[in-house]
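Below is one structure; the comments refer to it alone.
Number of protein chains: 2
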Amino acid sequence: MTPSAIPGPIDPPARLLMGPGPISAYPSVLRAMSAPLVGQYDPYMTQLMGETQELYRGVWATSNDATLLVDGTSRAGIEAAIVSLVRPGDRVLVPVFGRFGHLLAEIAERAMAEVHTIETAWGQVFAPSAIEEAIVRVKPTLLALVQGDTSTTMNQPLDEIGAICERHGVLFYSDATASLGGNDFEADAWGLDAATAGLQKCLGGPSGSSPITLSERAVEVIRSRGRIEAGIREDGDASAADFVRSNYFDLGMILDYWGPRRLNHHTEATSMLYAARECARVLLLEGRDAVIERHRVSGAAMLAGVEGLGLTVFGDVAHKMNNVVAVEIPAGVPGDAARAALLEDFGIEIGTSFGPLHGRVWRIGTMGYNAREDAVLTTLAALEQVLRRFGASVPAGGGVDAAADVYRGAA
Amino acid sequence: MTPSAIPGPIDPPARLLMGPGPISAYPSVLRAMSAPLVGQYDPYMTQLMGETQELYRGVWATSNDATLLVDGTSRAGIEAAIVSLVRPGDRVLVPVFGRFGHLLAEIAERAMAEVHTIETAWGQVFAPSAIEEAIVRVKPTLLALVQGDTSTTMNQPLDEIGAICERHGVLFYSDATASLGGNDFEADAWGLDAATAGLQKCLGGPSGSSPITLSERAVEVIRSRGRIEAGIREDGDASAADFVRSNYFDLGMILDYWGPRRLNHHTEATSMLYAARECARVLLLEGRDAVIERHRVSGAAMLAGVEGLGLTVFGDVAHKMNNVVAVEIPAGVPGDAARAALLEDFGIEIGTSFGPLHGRVWRIGTMGYNAREDAVLTTLAALEQVLRRFGASVPAGGGVDAAADVYRGAA
Numbered sequence: 001m002t003p004s005a006i007p008g009p010i011d012p013p014a015r016l017l018m019g020p021g022p023i024s025a026y027p028s029v030l031r032a033m034s035a036p037l038v039g040q041y042d043p044y045m046t047q048l049m050g051e052t053q054e055l056y057r058g059v060w061a062t063s064n065d066a067t068l069l070v071d072g073t074s075r076a077g078i079e080a081a082i083v084s085l086v087r088p089g090d091r092v093l094v095p096v097f098g099r100f101g102h103l104l105a106e107i108a109e110r111a112m113a114e115v116h117t118i119e120t121a122w123g124q125v126f127a128p129s130a131i132e133e134a135i136v137r138v139k140p141t142l143l144a145l146v147q148g149d150t151s152t153t154m155n156q157p158l159d160e161i162g163a164i165c166e167r168h169g170v171l172f173y174s175d176a177t178a179s180l181g182g183n184d185f186e187a188d189a190w191g192l193d194a195a196t197a198g199l200q201k202c203l204g205g206p207s208g209s210s211p212i213t214l215s216e217r218a219v220e221v222i223r224s225r226g227r228i229e230a231g232i233r234e235d236g237d238a239s240a241a242d243f244v245r246s247n248y249f250d251l252g253m254i255l256d257y258w259g260p261r262r263l264n265h266h267t268e269a270t271s272m273l274y275a276a277r278e279c280a281r282v283l284l285l286e287g288r289d290a291v292i293e294r295h296r297v298s299g300a301a302m303l304a305g306v307e308g309l310g311l312t313v314f315g316d317v318a319h320k321m322n323n324v325v326a327v328e329i330p331a332g333v334p335g336d337a338a339r340a341a342l343l344e345d346f347g348i349e350i351g352t353s354f355g356p357l358h359g360r361v362w363r364i365g366t367m368g369y370n371a372r373e374d375a376v377l378t379t380l381a382a383l384e385q386v387l388r389r390f391g392a393s394v395p396a397g398g399g400v401d402a403a404a405d406v407y408r409g410a411a
Numbered sequence: 001m002t003p004s005a006i007p008g009p010i011d012p013p014a015r016l017l018m019g020p021g022p023i024s025a026y027p028s029v030l031r032a033m034s035a036p037l038v039g040q041y042d043p044y045m046t047q048l049m050g051e052t053q054e055l056y057r058g059v060w061a062t063s064n065d066a067t068l069l070v071d072g073t074s075r076a077g078i079e080a081a082i083v084s085l086v087r088p089g090d091r092v093l094v095p096v097f098g099r100f101g102h103l104l105a106e107i108a109e110r111a112m113a114e115v116h117t118i119e120t121a122w123g124q125v126f127a128p129s130a131i132e133e134a135i136v137r138v139k140p141t142l143l144a145l146v147q148g149d150t151s152t153t154m155n156q157p158l159d160e161i162g163a164i165c166e167r168h169g170v171l172f173y174s175d176a177t178a179s180l181g182g183n184d185f186e187a188d189a190w191g192l193d194a195a196t197a198g199l200q201k202c203l204g205g206p207s208g209s210s211p212i213t214l215s216e217r218a219v220e221v222i223r224s225r226g227r228i229e230a231g232i233r234e235d236g237d238a239s240a241a242d243f244v245r246s247n248y249f250d251l252g253m254i255l256d257y258w259g260p261r262r263l264n265h266h267t268e269a270t271s272m273l274y275a276a277r278e279c280a281r282v283l284l285l286e287g288r289d290a291v292i293e294r295h296r297v298s299g300a301a302m303l304a305g306v307e308g309l310g311l312t313v314f315g316d317v318a319h320k321m322n323n324v325v326a327v328e329i330p331a332g333v334p335g336d337a338a339r340a341a342l343l344e345d346f347g348i349e350i351g352t353s354f355g356p357l358h359g360r361v362w363r364i365g366t367m368g369y370n371a372r373e374d375a376v377l378t379t380l381a382a383l384e385q386v387l388r389r390f391g392a393s394v395p396a397g398g399g400v401d402a403a404a405d406v407y408r409g410a411a
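Just so you know, the sequences run in chain order A and B.
Heads up: the first sequence runs through residues 1 to 411, numbered per UniProt numbering.
Heads up: the second sequence runs through residues 1 to 411, numbered per UniProt numbering.
The following block contains the structure:
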């Protein structure tokens with residue numbers, strides 16, 4: 001590359017990210033990432049790791065000692081949970097209500113599990129009884145269940161599932177990537193054995209770090225498959241024949257790195273640790289319940305707003321996540337061109353969609369830092385302009401007024 | 001967590017990181033990470049991804065189209081390369097000359113490969129003929145060879161290995177985590193099929209993103225194992241029975257995400273992408289050869305400096321990496337207490353060591369942003385004070401003078 005061809009420094013255009021994630025990060029999270037690095041065994045680093053674990057116990061509502069981060073995006077956390085908990089040949093049950101259920105099944109298949117799925121229509125969730133029936137039939141080792149699936153906006157109720165799993169001796173894992181921090185989640189009270197997330201949704205950070213929490217029962221399974229890598233193994237360290245088929249995602253080794261032995265595994269991604277810690281810190285400073293309530297109110301305002309613009313909402317609204325809504329693209333409006341206009345002329349991003357909904361709905365998020373009145377009203381004002389430009393008949397001010405009413409009612 | 005128990009914002013102590021990595025990042029890399037986020041299919045984002053690929057072609061000295069990032073730490077890149085190139089049962093040859101050779105073997109074992117190792121003493125490298133003999137004997141699918149192993153400081157010559165692999169029909173992978181950017185590396189000229197790195201060594205960034213480059217031959221192997229995940233699969237997308245046993249590390253899917261199809265896989269870790277791009281940008285702005293030369297001179301200065309302090313250098317100095325030196329801890333000096341004093345009193349970190357060298361040597365790095373005269377001289381001045389305090393007999397100014405002479409000679 002010739003010197004003149006080398007591009008300039010990072011200088012992103014102004015963007016208000018109102019899609020299904022990633023969304024605009026909290027300013028303090030961005031600032032945290034520009035802090036200088038420290039060594040991986042610096043007392044400050046190990047202190048931060050411990051603080052981060054404790055902060056995430058607050059976020060997950062758990063007392064699990066095994067509460068930590070996986071260094072990768074949210075699907076890194078998913079894969080770490082599944083490959084560490086599931087042996088080749090084990091049965092895994094995945095209730096699928098959107099794209100991310102397919103992803104859990106896919107990851108379990110790659111881990112050589114015997115995967116069984118049940119499906120419901122996109123836009124619906126499962127009754128606990130349907131999940132219990134499948135558990136009785138399949139007798140899985142692990143139930144892998146998405147909480148919030150952005151592909152459909154649905155929020156699967158989890159509060160009765162832990163007791164069902166307990167009754168049948170099944171490990172209960174949930175992917176809370178899209179939901180954690182913006183919707184109720186009670187790891188201990190709901191009987192979760194494992195749960196994973198990402199920063200780039202309601203936690204208001206960048207993608208690249210995956211918070212995870214593991215029950216004692218899950219840790220026992222992982223420990224039974226323990227293997228310490230050659231090169232740092234010491235006399236007396238036994239290795240199970242039944243080892244995890246990944247080094248990077250072997251939660252036993254990751255636990256040893258985060259735990260008192262501090263056995264070297266990866267080199268912790270320091271700047272992402274800074275970000276993850278700050279995401280949890282701002283959440284707990286505001287208050288976990290207050291943040292969820294802010295998501296609830298902003299989600300209700302956006303829902304009222306899009307309905308106020310005359311748009312039809314997709315799916316079972318009673319089971320919608322707080323932080324994202326899917327709206328049908330009005331007949332005659334070119335979906336991608338309208339999204340592009342919103343981005344180019346107003347700097348606002350909303351989302352397209354996957355699979356059966358591709359081309360049919362837009363997805364609009366209200367999460368993390370952007371679960372705010374000004375972000376919601378600005379998005380609705382701009383969307384009104386764009387819809388009108390593409391020939392849709394929209395009531396002037398109908399979206400903004402309806403959303404503002406929700407905020408006034410909540411105040 | 002009660003509000004009063006919530007810890008304060010990230011505020012690291014001042015540290016000059018002169019260990020084997022991670023090291024202090026370039027200030028502009030830290031600044032890049034505080035830039036606001038954009039959406040994952042924002043035109044600015046896809047432009048940045050393309051620029052980052054082109055920048056890393058310059059860093060790797062390759063024209064490989066398949067030059068990209070894996071979202072995780074350097075060992076995520078290693079695992080992605082190995083699990084994507086190696087089928088269960090394939091033979092893999094790993095010449096081991098330090099801890100990270102053991103790691104490559106470990107990762108290949110977890111991928112269910114039939115792993116064969118050859119070993120040499122820590123502090124030595126392999127003659128190309130020894131590697132060729134083992135290839136002839138083992139007939140591996142893949143040769144996995146560390147370039148620079150920080151555990152021993154050795155830099156394995158790679159320039160003749162590609163031709164050997166070509167002759168015997170073996171794929172050639174190298175882990176250049178510790179060496180890339182501070183030592184010669186010629187992906188195309190040396191015949192590499194795959195190479196991976198991390199940001200936290202000579203590239204001067206934080207851990208958490210792994211640059212990777214793949215030859216056309218490597219891409220063919222990966223494509224022959226292609227599988228597109230359910231949920232985004234379309235009619236006509238075939239899936240190989242022989243799929244990669246990981247979703248997150250399936251380079252075929254990661255290539256489809258970085259390539260023109262932009263098929264959703266993970267959500268790219270935006271802030272780490274910003275960091276990775278800036279690491280390559282500062283390297284190419286200074287000039288690749290100039291950066292390697294700066295590492296060579298700073299490494300020579302540190303080597304002269306520790307010898308000027310009367311310390312004994314470990315290993316075959318003729319094959320030492322430019323960016324790290326191992327010195328024997330003088331008799332009577334408590335290694336960990338001296339390192340702690342250097343950290344606490346001077347804010348300078350140097351490294352301990354692993355395995356057979358644990359407690360025997362310190363490792364001192366001069367890499368990335370810290371391959372600088374002031375960093376080298378400051379470290380030597382402080383080390384002199386600490387050695388003297390712990391009772392070692394050290395010549396006053398002996399380290400700083402010897403190092404300064406190297407910089408004057410190089411000027």
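All C-beta atoms, glycine included, are put in the ideal place defined by N, C-alpha and C.
Taking C-alpha positions only, Gly162/B is separated from Gly8/A by approximately 35 Å. Chain B has no Cβ within less than 7 Å of the Cβ of Gln53/A. The DSSP-derived three-state label of Thr378/A is helix. The straight-line gap separating the alpha-carbon atoms of Asp289/B and Ala178/B is approximately 17 Å.
Judged by beta-carbon spacing, Leu380/B lies beyond the 7 Å limit of Ala396/B, meaning their Cβ atoms are not closer than that value. Where Arg91/B is concerned, the enclosing beta strand (DSSP E) starts and stops at Arg91 to Val96. Residue environment: Arg294/A is assigned as buried (16 or more neighbouring CB atoms within 10 Å of its CB, all protein chains considered). Ser174/B is bridged by DSSP to Leu145/B and Ala195/B.
Sequence-distant Cβ neighbours of Leu17/A in its own chain, meaning closer than 7 Å and more than five residues away, are Ile23, Ser24, Glu349 and Asn370. Of all C-beta pairs linking the region 84-95 of chain B to the region 111-125 of chain B, three or more are shorter than 8 Å, placing the two stretches in contact. Each residue's CA atom was taken as its position, placing Ser63/B and Ser174/B some 17 Å apart. If you draw a straight line from the Cα of Leu383/A to the Cα of Glu133/A, it is about 44 Å long. Contacts between Tyr44/A and chain B, judged by CB atoms closer than 7 Å, involve Pro12 and Pro13 in chain order. According to the DSSP secondary-structure assignment, Ile348/B is paired through a beta bridge with Leu16/B. DSSP, read as helix, strand or coil, puts Ile82/B in helix. For Ala194/B and Ala81/B, the gap between their C-alpha atoms comes out near 7 Å.
Residues of chain B with a Cβ closer than 8 Å to the Cβ of Ala275/A are, in chain order, Ser271. Counting only runs that start and end inside the region 214-302 of chain B, the alpha helix (DSSP H) elements of at least 4 residues fall at 216-223, 251-258 and 270-286. Taking all protein chains in view, the Cβ of Leu48/B is crowded by 16 or more other Cβ atoms within 10 Å, so the residue is classified as buried. Cα atoms of Asn247/B and Ala337/B: separation of roughly 44 Å, rounded to the nearest angstrom.
Beta-carbon to beta-carbon, Val29/A and Gly205/A are separated by about 5 Å, close enough to satisfy the 8 Å threshold. According to the DSSP assignment, Ile364/A belongs to the beta strand (DSSP E) that extends over Val361 to Gly365. By the Cβ test, the region 318-327 of chain A is not in contact with the region 337-347 of chain A, since fewer than three Cβ pairs between them sit closer than 8 Å. Interface flag for Asn64/B against chain A is unset, since no Cβ pair is found closer than 7 Å.
The three-state secondary structure of Ser28/B, taken from DSSP, is helix. For the 7 Å CB-CB criterion, Ala187/B and Thr213/B form a contact. By the criterion of a C-beta distance shorter than 8 Å, Ala304/B is surrounded in its chain by Ala402, Ala403, Asp405 and Val406, once the five residues flanking it on both sides are discounted.
Buried is the label assigned to Arg15/A, since at least 16 other Cβ atoms lie within 10 Å of its Cβ. In the DSSP assignment, Glu133/A is bridged to no other residue. Under the Cβ distance rule, Pro206/B counts among the residues neighbouring chain A, one pair being separated by less than 7 Å. By the CB criterion at 7 Å, Asp42/B and Ala269/B fall outside the cutoff.
Against Asn247/A, the close residues of chain B are Arg75, Glu79, Leu103, Glu106, Ile107 and Arg110, in the order they occur along the chain (beta-carbon pairs closer than 8 Å).
Ala326/A is positioned such that its CB atom lies closer than 7 Å to that of Phe314/A. Chain A places a beta carbon closer than 7 Å to that of Arg31/B, counting this residue as a contact. Note that the C-beta distance between Gly351/B and Gly19/B is below 7 Å.
Membership of Val313/B in any alpha helix (DSSP H) is not indicated, and neither H nor E is assigned to it by DSSP.
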